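Q:
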Amino acid sequence: MPVLAVIGCQWGDEGKGKIVDILSKDAHTIARYQGGHNAGHTVVIGASEEGGKEEKYILHLLPSGIIHPGKRCYIGNGMVVDPKALVKEIEEVEAQGISVEGRLFISERAHIILPYHHVYDQNEETLKGSQKIGTTGRGIGPAYSDKYQRIGIRAVDLLDEEYLEKYLRENLESKKLLLNNRYNHPGFEFQSIWDELMEYKKKIAPYIHNVFHLICDDITQDRKVLIEGAQGVMLDIDHGTYPYVTSSNASVGGACTGLGIPPSSINKVLGVIKAYTTRVGEGPFPTELKGEEGNYLRDHGHEYGATTGRPRRCGWFDGVIAQFAVMVNGITDLALTKLDVLDNCQKIKVCVGYKYKNVIHDEMPASLKVLENCEPVYQEFDGWMSQTTGIPTFEELPDKAKTYVEAISNIVGIDFSIVSTGQKRQETIMIKSIF
Ligand code: IMP
């Protein structure tokens, strides 16, 4: 049962898109299981490959495997899908010469994001003021709230107009009260939402399927399935820095519920981890660098959100988080990304514990107070001060870069299978085959 899950081990933006893209060539199926168009996965295909010009794809809802012709891509039941965003993304990839026909499958059970979810998300953030979460404003949290309140509308409902009309009218009626009273918003007219939805339905209805059945069939038939996580473990609703998290289980447990597959079917879990740390939005970030060093990492790592364009907060590698991510996800293999961003740093630090009130915590604290007020305990490394981009083997890396990579690997207790040294596919060191 060759099922490999690719999971973000920090606060998202670890470079999972590139890793999934590389592994997709060997997969039959690539499946997403949680989140929605809050995610932004960037894949760059270099000019020298495939004989064409450089192509850059930024994917939000479609699994990164979509850019590989012939691969099947699933949008799992655990995802929340904005039909408008999905249609736009399908049109964008089609304009880049990629056909999704016959290979994109959207779970009937995936929940639908509607315009009032966006309004709710953005207004709640405004009302929270300085306590805001810093969401992407895409309506993700409110759509998951509706799911758990058991009033959500699912992809399958788009196919049943009678049912859809009844539930959409009911939802609009109950949301109107909230929109009027809490946000001073006039609410939405049924007809305009309906008309828009019917337009999107024309485009996406052919892709709505029983994805649970399809993926189970893939697993039984021993086809290679690549499961693509979005966000990262520190944004997981249960295991992340709550409440500064997203609204789904980004860690591997979410893959079982979000696709309908048994835990025993996942035989490998690849953790993707960046050579330093970033986060977007608010919330504690113990190793954050607020001055020159943070700006350096942001500029050299192009650390601006692929979805919102927001500058990412940057800081040193955090070993406490990495160890926690390995435990929560049962990581079996690791990929290190963006090593090249550290190429010109004279000194590099790695956090190995959090000091709070004279106690060193080497386990991930749940308390926001501890996370917000702790002092990172660092180990310091000499930088290698030379370019690593495109170096083909681990052995050929500068000695000090190897020392740094090995130190991280010792902290988490797992060797790296992949080290990425640039955006392009060929700027990747494959140390061990995983899939
Ligand atoms: P939401 O998912 O839009 O509700 O946002 C909740 C938190 O998750 C915010 O801090 C976002 O910045 C963060 N977030 C959501 N998606 C991503 C992502 O793909 N990468 C990094 N951060 C994300």
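End of the sequence shown sits at 1052 in the numbering used here; the numbers just go up one at a time, nothing left out. Don't be surprised by glycine CBs; every beta carbon is placed ideally from N, CA and C. Keep in mind it's a predicted model, so treat the numbers as computed, not measured.
1) For Gly1030, verify whether its CB is less than 6 Å away from any heavy atom of the ligand IMP.
2) Which residues have their C-beta within less than 5 Å of a heavy atom of the ligand IMP, listed in chain order?
3) Between which residues of its own chain and Pro879 is the CB-CB distance below 8 Å, once the five residues before and five after are set aside?
4) Would you report the Cα separation of Lys792 and Leu876, rounded to the nearest angstrom?
5) Might you give, ordered along the chain, the residues of its own chain that have their beta carbon closer than 7 Å to the beta carbon of Val736, omitting 5 neighbours on each side?
6) Compare the beta carbon distance of Trp933 and Thr904 with 7 Å and say whether it is the shorter of the two.
7) Do Val958 and Ile636 have their C-beta atoms within less than 7 Å of each other?
8) Confirm, please, whether the CB-CB distance from Cys962 to Gly936 is below 7 Å.
9) Is the number of C-beta pairs between the segment 1031–1049 and the segment 1008–1016 that are closer than 8 Å three or more?
10) Where do the N-terminal and C-terminal ends of the alpha helix (DSSP H) with Cys873 fall, by residue?
11) What residues are listed by DSSP as bridge partners for Asp950?
12) Return no unless some Cβ of chain C is closer than 7 Å to the Cβ of Gly1007.
13) Can you tell me where the beta strand (DSSP E) with Pro993 in it begins and where it stops?
14) Is the number of C-beta pairs between the segment 715–727 and the segment 672–684 that are closer than 8 Å three or more?
15) Within a Cβ cutoff of 6 Å, which residues of the same chain sit near Leu640, ignoring the five residues on either side of it in sequence?
16) Lys841 and Ala644: beta carbons closer than 7 Å?
17) Just the C-alpha distance for Gly1023 and Gln1004, rounded to the nearest angstrom, thanks.
18) If you drop the 5 nearest sequence neighbours on each side, which residues of the same chain put their C-beta closer than 8 Å to that of Glu706?
19) From Met1002 to Ile750, what distance separates their C-alpha atoms?
20) Excluding sequence positions up to five away, which residues of its chain have a Cβ less than 7 Å from the Cβ of Leu703?
21) Look at the Cβ atom of Thr646, then the Cβ atom of Asp835, and state whether they are nearer than 7 Å.
22) What is the rounded straight-line gap between the Cα of Leu731 and the Cα of Glu910?
23) Can you tell me where the alpha helix (DSSP H) with Leu814 in it begins and where it stops?
24) Given a cut-off of 7 Å on the beta-carbon distance, is the pair Glu725 and Val661 in contact?
25) Is it buried or exposed for Met815, if we count other Cβ within 10 angstroms and need 16 for buried?
26) Taking 6 Å as the limit between beta carbons, can you name the residues of its chain near Ile1025, skipping five residues before and five after?
27) Mind pulling the beta strand (DSSP E) runs of 3 or more residues that sit fully within the segment 647–692?
28) On the CB-based measure, 16 or more other CB atoms within 10 Å of its CB, does Glu845 come out buried or exposed?
29) Hey, quick one: how far does the alpha helix (DSSP H) through Ile707 stretch, first residue to last?
30) Under DSSP, the beta strand (DSSP E) around Gly625 begins and ends at which residues?
31) In terms of alpha-carbon separation, which member of Ala939, Gly918, Ile938 lies closest to Arg929?
32) With the cut-off set at 7 Å, would you say Val850 and Cys626 are in Cβ contact?
33) Would you mind working out which of Ile965, Arg689, Glu709, Gly870 sits nearest Leu914, comparing C-alpha positions?
34) Can you tell me where the alpha helix (DSSP H) holding Leu744 begins and where it ends?
35) Report yes if the CB atom of Met696 is closer than 7 Å to the CB atom of Ala727, and no otherwise.
36) Can you have a look at Val620 and say buried or exposed, based on whether 16 or more other CB atoms are within 10 angstroms of its CB?
A: Taking the structure as given:
1) Counting from 1 along the sequence shown, the entry for residue 1030 is found at position 413. Answer for Gly1030: no, Cβ out of range of the ligand IMP.
2) Gly629, Asp630, Asn655, Ala656, Gly751, Thr752, Thr753, Ile757, Gly758, Gln848, Leu852, Thr863, Val897, Gly898
3) Working through the sequence shown from its first residue, we reach residue 879 at position 262. Same-chain partners within the cutoff: Cys873.
4) To locate residue 792, count along the sequence shown from 1; it is residue 175. To locate residue 876, count along the sequence shown from 1; it is residue 259. Roughly 29 Å between the two C-alpha positions.
5) Along the sequence shown, one-based indexing puts residue 736 at 119. So the list reads Leu796, Tyr800, His802, once near-sequence residues are dropped.
6) Translated into positions along the sequence shown, residue 933 becomes position 316. Translated into positions along the sequence shown, residue 904 becomes position 287. A contact, by the Cβ cut-off of 7 Å.
7) Counted from its first residue, the sequence shown places residue 958 at position 341. Counted from its first residue, the sequence shown places residue 636 at position 19. No, they are not a contact pair.
8) On the sequence shown, position 319 is the one that residue 936 refers to. On the sequence shown, position 345 is the one that residue 962 refers to. Going by C-beta atoms, Gly936 is not nearer than 7 Å to Cys962.
9) yes
10) In the sequence shown, the residue the question calls residue 873 occupies position 256. That run of the alpha helix (DSSP H) goes 870–876.
11) The count along the sequence shown starts at 1 and reaches residue 950 at position 333. For Asp950, which the question treats as bridged, DSSP gives the partners Leu887.
12) Within the model displayed, chain C is absent; a lone protein chain is all it includes.
13) Taking the sequence shown and counting its residues from 1, one reaches residue 993 at position 376. Run containing Pro993: 992–999, per the beta strand (DSSP E) assignment.
14) yes
15) As a working note, residue 640 is residue 23 in the sequence shown. Taken in chain order, the residues that qualify are Leu843, Phe1052.
16) Indexing the sequence shown from 1 puts residue 841 at position 224. Indexing the sequence shown from 1 puts residue 644 at position 27. It is a contact, given that the beta carbons lie within the stated cut-off.
17) Looking up residue 1023 in the sequence shown gives position 406. Looking up residue 1004 in the sequence shown gives position 387. As written in the sequence, residue 1023 is Glu, which differs from the Gly given in the question. Roughly 18 Å between the two C-alpha positions.
18) In the sequence shown, counting from the first residue as 1, residue 706 sits at position 89. Counting only Cβ-Cβ distances below 8 Å, and skipping sequence neighbours, we find His654, Leu676, His677, Leu678, Leu679.
19) In the sequence shown, residue 1002 corresponds to position 385, counting from 1. In the sequence shown, residue 750 corresponds to position 133, counting from 1. Using only the alpha carbons, I get a separation of about 37 Å.
20) Numbered from its first residue, the sequence shown carries residue 703 at position 86. Only Leu678, Ile821 meet the Cβ criterion.
21) Along the sequence shown, read from residue 1 onward, the residue named residue 646 stands at position 29. Along the sequence shown, read from residue 1 onward, the residue named residue 835 stands at position 218. Yes; because the gap between Cβ atoms is below 7 Å, this pair is in contact.
22) Reading the sequence shown from its first residue, position 114 is the one you call residue 731. Reading the sequence shown from its first residue, position 293 is the one you call residue 910. Cα to Cα, Leu731 sits roughly 41 Å from Glu910.
23) In the sequence shown, the residue the question calls residue 814 occupies position 197. It spans 807–821 - the alpha helix (DSSP H) in which Leu814 sits, taken as one unbroken run.
24) Locating residue 725 in the sequence shown gives position 108, counting from the first residue. Locating residue 661 in the sequence shown gives position 44, counting from the first residue. No, the Cβ-Cβ distance between Glu725 and Val661 is not below 7 Å.
25) Against the sequence shown, residue 815 aligns to sequence position 198. Result: exposed.
26) Position 408 of the sequence shown, counted from the first residue, corresponds to residue 1025. Taken in chain order, the list of residues that qualify is empty.
27) 658–662, 672–676, 689–692
28) Mapped onto the sequence shown, residue 845 falls at position 228. Looking at its Cβ environment, which holds 16 or more other Cβ atoms inside 10 Å, Glu845 is buried.
29) On the sequence shown, residue 707 is found 90 positions in, with the first residue counted as 1. 700–712 is the span of the alpha helix (DSSP H), which, as asked, contains Ile707.
30) Locating residue 625 in the sequence shown gives position 8, counting from the first residue. Taken as a continuous stretch (DSSP letters only), the beta strand (DSSP E) holding Gly625 covers 620–625.
31) Walking along the sequence shown from the start, residue 929 turns up at place 312. Comparing Cα positions, the closest option is Gly918.
32) Translated into positions along the sequence shown, residue 850 becomes position 233. Translated into positions along the sequence shown, residue 626 becomes position 9. Yes, Cβ-Cβ distance for Val850 and Cys626 is below 7 Å.
33) Stepping through the sequence shown from its first residue, residue 914 is reached at position 297. For Leu914, the nearest C-alpha among the options comes from Ile965.
34) Sequence index remark: in the sequence shown, residue 744 carries index 127 (1-based). Where Leu744 is concerned, the enclosing alpha helix (DSSP H) stretches over 732–745.
35) Position 79 of the sequence shown, counted from the first residue, corresponds to residue 696. Position 110 of the sequence shown, counted from the first residue, corresponds to residue 727. Cβ atoms of Met696 and Ala727: closer than 7 Å.
36) By 1-based counting over the sequence shown, the position of residue 620 is 3. With 16 or more other Cβ atoms within 10 Å, it is buried.
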